[in-house]
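Worksheet: one structure, shown below.
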Amino acid sequence: MSRPAFASWLSQTNDVTQTFLNAGQIPDLINLAGGLPDPSIWPVEELAQLAHKAVAEHPEAVLAYPPIEGFAELRHLIAQRFSTGGLTLTRQNVLITTAGMQGLDLVGKALLDQGGLIAAQSPAYLGALDAWRPRLPSYRPIRLQDEGFDPVAALDGAQFCYCVPNFSNPTGRLVDLPMRQAMVEAAQQTGTWLVEDDPYGMLYYDGAPLPRLLELSATGKPGPYDGPVIYLGTLSKGLAPGLRLGWVIAAPEMITALITAKQGSDMCTTGISQQMAIDAFKTGLPERILPHILDLYGSRRNALCAAMAEHLTPWFDWQVPQGGMFVWARAKDPALDTDKLLKVALSHGVCVTPSSVFDPEGQDRGAIRVNFTLNPAERLAEGTRRLARAVDALLSG
Ligand code: PMP
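Be aware that the sequence shown starts at 1, since it is given in UniProt numbering, and climbs by one per residue.
Given below as structure tokens:
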């Protein structure tokens, strides 16, 4: 007897994923493909103490099932940290999630009908596309930097709009202040939920941080925030991804809907990570380690861009990102297929992410995403040299 087929959305995944899974076997591979932090930034001793303290001092809270919405103290601390200027948040505005990925998943569960329309910044984060794929959504790609881009037309009729204003994954680009304001106004005017996914908001290497969409949508009214922005935060890039600790900040009615979605998902986020986050925030741990992270990643960004300028200029165009983890490079020659380049690059001992995985239709085969946070400067330079040899081999072969 044959088994029932897998759900149909599974056949929509990109075969690049399989190529990556096989890449693990390649010796001395330089991985410029992932979005991984450098393990040296993790404050291992402090985190070990916080983990021990969480279990030893709060066993009844952290070893039980925490409330679905998260510990009240943590929600309160996050509400306080993000209340700025005219923005007043209370813990009714905060849901604790199992990192940013769960925020994306719950937003899809709460807002997206089968086949629903998402207006998404294009190209879009692969994890978000993966989270929403089971609903087989359709996408309206939005390109905020395009001449004549009209935010109202972009948002109108979509079930929500997805945006990464700070150093998008994959492009590393920053949405400028006038466009942030225009997006918020369009969300208010059209009544569209605006999902602000912000894992990289602390990683500014140049210039001062721009205000979040969340802040820009504040009305200055007293009482909990009630605007259109659904803000997704995480400790993954500024502390450690293994904590799997994130949060959603949104209007109370949205938080209530997301709590219902979370109940049917993982029921609660582990109390050990929540208690560790409470103590980390109270002792200013993220702020203490941030200068080192910015120094390390900022210098690696410079090293990668210098190596790319030396070795990849004949083939690619890119902008030096002001922050985040990635450089997005577009091939000058439209015939350069970056899905094919990945295979050749692997045989040259280097790995980058091709643009097709960030396109809901899988059509864009003209760009690559290059990560600079995981490898030291000399490996970034060697990886870039290997990539140049791979491009040469692909185009001449
Ligand atoms: N959104 C974006 C844009 C990301 O790049 C990532 C991490 N790569 C996430 C969300 C989710 O990260 P996490 O689940 O570790 O918080």
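We put the beta carbon where it would ideally sit given N, CA and C, even for glycine. Given the structure is predicted, the values throughout are model-derived calculations rather than measurements.
Same chain, Cβ closer than 8 angstroms to residue i, neighbours up to 5 away in sequence not counted
| i | result |
| --- | --- |
| residue 177 | 210 and 211 |
| residue 324 | 166, 167, 168, 169, 172, 200 and 203 |
| residue 19 | 342, 343 and 346 |
Contact set for residue i: own chain, Cβ-Cβ below 6 angstroms, skip 5 residues either direction
| i | result |
| --- | --- |
| residue 42 | 240 |
| residue 235 | 243 and 245 |
| residue 365 | 337, 338, 339 and 356 |
| residue 186 | 151, 152 and 155 |
| residue 293 | 41 |
| residue 250 | 230 |
| residue 77 | 281 |
Identity of the residues DSSP links to residue i by a beta bridge
| i | result |
| --- | --- |
| residue 22 | Residue 22 pairs with nothing; no bridge assigned. |
| residue 138 | 117 |
| residue 329 | 318 and 368 |
| residue 163 | 196 |
| residue 350 | 30 |
| residue 204 | 323 |
Reference residue i, options the options, closest by Cα
| i | options | result |
| --- | --- | --- |
| residue 302 | 288, 370 and 91 | 370 |
| residue 225 | 338, 60, 81 and 92 | 92 |
| residue 377 | 214, 155, 31 and 18 | 31 |
| residue 118 | 160, 153 and 94 | 160 |
| residue 318 | 328, 310, 397 and 324 | 328 |
| residue 36 | 342, 373, 385 and 168 | 373 |
| residue 392 | 55, 114 and 347 | 347 |
| residue 271 | 57, 26 and 20 | 57 |
| residue 255 | 33, 59 and 227 | 227 |
| residue 169 | 125, 26 and 101 | 125 |
| residue 311 | 383, 19 and 104 | 383 |
| residue 353 | 21, 10 and 88 | 21 |
| residue 179 | 121, 129 and 191 | 121 |
| residue 27 | 351, 358 and 380 | 351 |
Contacting residues, own chain, Cβ-Cβ under 7 angstroms from residue i (five flanking each side not counted)
| i | result |
| --- | --- |
| residue 279 | 50 and 53 |
| residue 290 | 202 and 238 |
| residue 207 | 322 |
| residue 79 | 89, 90, 91, 93 and 94 |
(message) Does the contact criterion of 3 or more C-beta pairs under 8 angstroms hold for the region 133-151 versus the region 108-116?
(response) yes
(message) For the pair the region 68-78 and the region 215-225, tell me if three or more CB-CB distances fall below 8 angstroms.
(response) no
(request) Within the region 230-267, note down every full beta strand (DSSP E) run reaching 3 residues or more, in order along the chain. (result) 246-249
(message) Suppose only complete runs of 3+ residues qualify. What are the beta strand (DSSP E) ranges in the region 73-116, listed by chain order?
(response) 94-97
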